[in-house]
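K.L.:
There's a structure below that I have some questions on.
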Amino acid sequence: MDDLESRLSGLILAGFDGTALSRETAQFIAGTAGTVLFGRNLATPDSTRALVDELQSARPPSRPPLLVATDQEGDPVSRLDALGSHWPSAMALGAVGDASLTRAVYRCMGTELRALGITVDFAPVADVNTNPANPVIGLRSFGGDAAAVSVHVDAAIRGLHDAGVAATAKHFPGHGDTGADSHFEAVATEQTEHQIREIHLAPFRAAIEAGVEMVMTGHVSAPALDASGAPATLSRNLLTDLLRGQLGFEGVICTDDMEMRGLEAGDDAAVVALDAGADLLLFAGMERARRALERIRRAMSQGRLEAPRLHASLARVDALRAVTRIADASAAAGDGVALTREVARRSIAIVRARGGVPPFVLTPGARVLIVNFIEGGASRATGARVESALGVAIAAAGYRATEQLRDLDPAGHEYKQVLMAAQTADAFIAVTRRAHLHQLQAQAVADLALFGKPVVVVAALEPYDAAALPDDMAVIASFGDGEAALRAAAEVLLGTASAAGRLPVSIAPRHETAQM
Numbered sequence: 001m002d003d004l005e006s007r008l009s010g011l012i013l014a015g016f017d018g019t020a021l022s023r024e025t026a027q028f029i030a031g032t033a034g035t036v037l038f039g040r041n042l043a044t045p046d047s048t049r050a051l052v053d054e055l056q057s058a059r060p061p062s063r064p065p066l067l068v069a070t071d072q073e074g075d076p077v078s079r080l081d082a083l084g085s086h087w088p089s090a091m092a093l094g095a096v097g098d099a100s101l102t103r104a105v106y107r108c109m110g111t112e113l114r115a116l117g118i119t120v121d122f123a124p125v126a127d128v129n130t131n132p133a134n135p136v137i138g139l140r141s142f143g144g145d146a147a148a149v150s151v152h153v154d155a156a157i158r159g160l161h162d163a164g165v166a167a168t169a170k171h172f173p174g175h176g177d178t179g180a181d182s183h184f185e186a187v188a189t190e191q192t193e194h195q196i197r198e199i200h201l202a203p204f205r206a207a208i209e210a211g212v213e214m215v216m217t218g219h220v221s222a223p224a225l226d227a228s229g230a231p232a233t234l235s236r237n238l239l240t241d242l243l244r245g246q247l248g249f250e251g252v253i254c255t256d257d258m259e260m261r262g263l264e265a266g267d268d269a270a271v272v273a274l275d276a277g278a279d280l281l282l283f284a285g286m287e288r289a290r291r292a293l294e295r296i297r298r299a300m301s302q303g304r305l306e307a308p309r310l311h312a313s314l315a316r317v318d319a320l321r322a323v324t325r326i327a328d329a330s331a332a333a334g335d336g337v338a339l340t341r342e343v344a345r346r347s348i349a350i351v352r353a354r355g356g357v358p359p360f361v362l363t364p365g366a367r368v369l370i371v372n373f374i375e376g377g378a379s380r381a382t383g384a385r386v387e388s389a390l391g392v393a394i395a396a397a398g399y400r401a402t403e404q405l406r407d408l409d410p411a412g413h414e415y416k417q418v419l420m421a422a423q424t425a426d427a428f429i430a431v432t433r434r435a436h437l438h439q440l441q442a443q444a445v446a447d448l449a450l451f452g453k454p455v456v457v458v459a460a461l462e463p464y465d466a467a468a469l470p471d472d473m474a475v476i477a478s479f480g481d482g483e484a485a486l487r488a489a490a491e492v493l494l495g496t497a498s499a500a501g502r503l504p505v506s507i508a509p510r511h512e513t514a515q516m
């Protein structure tokens, strides 16, 4: 085996199952570029650091340390949540509009990551969320304005760099205008070439200017830029000609998870991605990574992958490993709790004020029904956690608060329970979760208004919910449903705090929403 063939595993970044390492897992990961940690790998901070140290110790001392990566974007994609650390969404930071606060949040997240031995963050999200029906980006984006998103992407990267963590801008060339989720199906953006270049590429240009180490490809096709319809991960036009050639990116091009169903290229996907210009192939599990490595070796022996091309990718990955350093486990992480609370207080935005609401002024002792709508298939445990944050604050204000957690089913059983409970209430607070994509939620909220009692809506995940609700209904946006966000929303409803946030996205009129 020649030197290049023996090094091909250095083009692989692979995940694994569990919080402990088998000998087989340690040996395989030690031979690759590194690993990616998911929530399934995280139990406690101490055990996570021990796991990372064990992986690094399996690496031959003569070779540079493994890259250890994770997806730490903030709510809702926050691996640190598994360790009890909760962070605001990118859209909440967009609503605050303070780049220095964004930098501070990412610096603090980065120091927590480094204390765990994690050297690469698959963040920030550089997608401009211009499609309200986007099922996968939403809160993960800083907003719908390219210039504002670019400012926050720059700040996030600099914050991670302050902490000594490598950053990743994703999902090139932009996943913000799509109407499908590339985790499950093929995705395309129908934006024109001008729209893509002026809007969706702008944050990536800002990221490159800020010195981002990696750009992650999206499994998103852009026919306006590549008529073949190939997703960016497999497109030479997008990776080599556009990202490398026109945008001048010299760092590591890393794919999104090669196991996602949005990538339709069969067993040769890894070979095609490398040939297109990718440097690092990401796999959620080891089995697919092993098979991909065999395909790569075969393609090289057949002359389908040229040695200079592979040497260039290995050199870029080695350069990235050279600049990432493992921090001491005692590295200070900063006060993430205080930062998260500050973002929550400053991000609450009034989407639509009606009838003097907010504040929500009621007779002391009034019976308030709080209905927490859960997005279909969501965890009830998560809902139970956020339920108390809002309810406790409302009850503490002197109201008789009753809370319900409802995942509306098509058969209507949960819906009927909502209407039954509504009969004895004096007022309603509806906490919606993407009601603009789930018509049953929107209908249930509209029906609450038929009781003739005051109704106010907290759009907990995306402010787009307002477009699916009656125009005479007051709506505030919390840009997340964590404890800090819902508590801050309650303070605005009660009039003990003002809504200081601004909407970072545009809300279409109700008649223009996709489902109404």
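Note that my numbering has the sequence shown beginning at 1, numbered continuously upward. Don't be surprised by glycine CBs; every beta carbon is placed ideally from N, CA and C. Keep in mind it's a predicted model, so treat the numbers as computed, not measured.
Measure the CB-CB distance between Ala474 and Val456 and report whether it falls below 8 angstroms.
P.N.:
Cβ atoms of Ala474 and Val456: closer than 8 angstroms.
K.L.:
I want to know whether the region 47-63 touches the region 71-80 - three or more CB-CB distances under 8 angstroms.
P.N.:
Contact fails: fewer than three Cβ-Cβ distances are below 8 angstroms.
K.L.:
Taking only the alpha-carbon atoms, compute the straight-line gap between Ala435 and Ala442 and give it to the nearest angstrom.
P.N.:
Their backbone Cα atoms lie some 5 angstroms apart in a straight line.
K.L.:
Name the residue from Asp162, Ile429, Glu375 and Leu469 whose alpha carbon lies nearest to the alpha carbon of Thr454.
P.N.:
Before going further, note that residue 454 is Pro rather than Thr in the sequence given. Here the closest residue by C-alpha is Ile429.
K.L.:
Leaving aside the five residues before and after Ile507 along the sequence, list all residues of the same chain whose C-beta is less than 7 angstroms from its C-beta, in chain order.
P.N.:
Hits under 7 angstroms: Val351, Pro463, Tyr464, Ala466 and Ala467.
K.L.:
Could you check what DSSP says for His175 in three-state terms: helix, strand or coil?
P.N.:
DSSP places His175 in coil when its eight states are reduced to three.
K.L.:
Relative to the ligand COA, is the shortest distance from any of its heavy atoms to the C-beta of Glu213 smaller than 7 angstroms?
P.N.:
Inclusion of the ligand COA in the displayed structure is not the case, the ligand content being empty and no account of it being possible.
K.L.:
Which residues does DSSP pair with Arg367 in a beta bridge?
P.N.:
Beta-bridge pairing links Arg367 to Arg400.
K.L.:
The alpha helix (DSSP H) spanning Val505 covers which residue range?
P.N.:
Taken as a continuous stretch (DSSP letters only), Val505 belongs to no alpha helix (DSSP H), as it is neither H nor E.
K.L.:
Take Pro124 and list the residues in its own chain whose beta-carbon comes closer than 6 angstroms to its own, dropping the five residues that flank it on each side.
P.N.:
Answer for Pro124: Val153 and Ala156, listed in chain order.
K.L.:
Please say whether Ala490 and Leu469 have beta carbons closer to each other than 8 angstroms?
P.N.:
No, these two residues do not count as a Cβ contact at 8 angstroms.
K.L.:
Check whether the region 405-424 and the region 353-366 touch, using three or more Cβ-Cβ pairs below 8 angstroms as the test.
P.N.:
Touching, no, given that fewer than three Cβ pairs across the two stretches are closer than 8 angstroms.
K.L.:
On the criterion of 16 or more Cβ atoms from any shown chain inside 10 Å, does Leu4 qualify as buried, or is it exposed?
P.N.:
Exposed, by the Cβ-count rule.
K.L.:
Measuring straight from C-alpha to C-alpha, what distance separates Arg236 and Asp275?
P.N.:
Distance between the alpha carbons of Arg236 and Asp275 is about 7 angstroms.
K.L.:
Using a Cβ-Cβ cut-off of 6 angstroms (strictly less than) and excluding sequence neighbours within five positions of Arg385, which residues of its own chain qualify?
P.N.:
Model confidence at Arg385 stands at a pLDDT of 35, short of 50, so the residue's coordinates are unreliable; what they give is reported in the following sentence. Here the set comprises nothing.
K.L.:
Compute the Euclidean distance between the alpha carbons of Phe479 and Val149, then round it to the nearest angstrom.
P.N.:
Distance between the alpha carbons of Phe479 and Val149: 16 angstroms.
K.L.:
Taking only beta-carbon atoms, is Arg434 less than 8 angstroms away from chain C?
P.N.:
Here chain C cannot be found, since the structure has a single protein chain.
K.L.:
Does the beta-carbon distance from Ala500 to Ile348 come in below 8 angstroms?
P.N.:
Yes. Within cutoff.
K.L.:
Using the beta-carbon count (16 or more within 10 Å), is Val96 buried or exposed?
P.N.:
Looking at its Cβ environment, which holds 16 or more other Cβ atoms inside 10 Å, Val96 is buried.
K.L.:
Quick check: what's the CA-CA separation for Ala188 versus Val271?
P.N.:
Approximately 22 angstroms, taken between the alpha carbons.
K.L.:
For Leu524, which residues does DSSP report across the bridge?
P.N.:
No answer is possible for residue 524: it lies beyond the span of the chain, which begins at 1 and ends at 516.
K.L.:
Distance, Cα to Cα, His219 vs Lys170?
P.N.:
Using only the alpha carbons, I get a separation of about 11 angstroms.
K.L.:
According to DSSP, is Lys416 helix, strand or coil?
P.N.:
The answer is helix: DSSP assigns Lys416 an H, G or I state.
K.L.:
Where Ile296 and Gly10 are concerned, what is the direct C-alpha to C-alpha distance, given to the nearest angstrom?
P.N.:
Looking at the two C-alpha atoms, the distance is approximately 12 angstroms.
K.L.:
Quick check on DSSP: helix, strand or coil for Ala227?
P.N.:
In the structure shown, Ala227 sits in coil (DSSP, three-state: anything other than H, G, I, E or B).
K.L.:
Use the C-beta contact count for Phe16: other C-beta atoms within 10 angstroms, 16 or more gives buried, fewer gives exposed.
P.N.:
It is buried - the Cβ of Phe16 has at least 16 other Cβ atoms within 10 Å.
K.L.:
Given a threshold of 16 other Cβ atoms within 10 Å of its Cβ, counted over all protein chains shown, does Thr44 qualify as buried or as exposed?
P.N.:
By the 10 Å Cβ count, Thr44 comes out exposed.
K.L.:
Under DSSP, the alpha helix (DSSP H) around Leu440 begins and ends at which residues?
P.N.:
Element bounds for Leu440: Gln439 to Leu448.
K.L.:
Per DSSP, which residues does Ser78 bridge with? Please list them.
P.N.:
According to DSSP, Ser78 bridges with Gln72.
K.L.:
If you scan the region 179-253 from start to end, which runs of the alpha helix (DSSP H) of 4 or more residues do you find wholly inside it?
P.N.:
Runs of the alpha helix (DSSP H) inside the region 179-253: 202-209.
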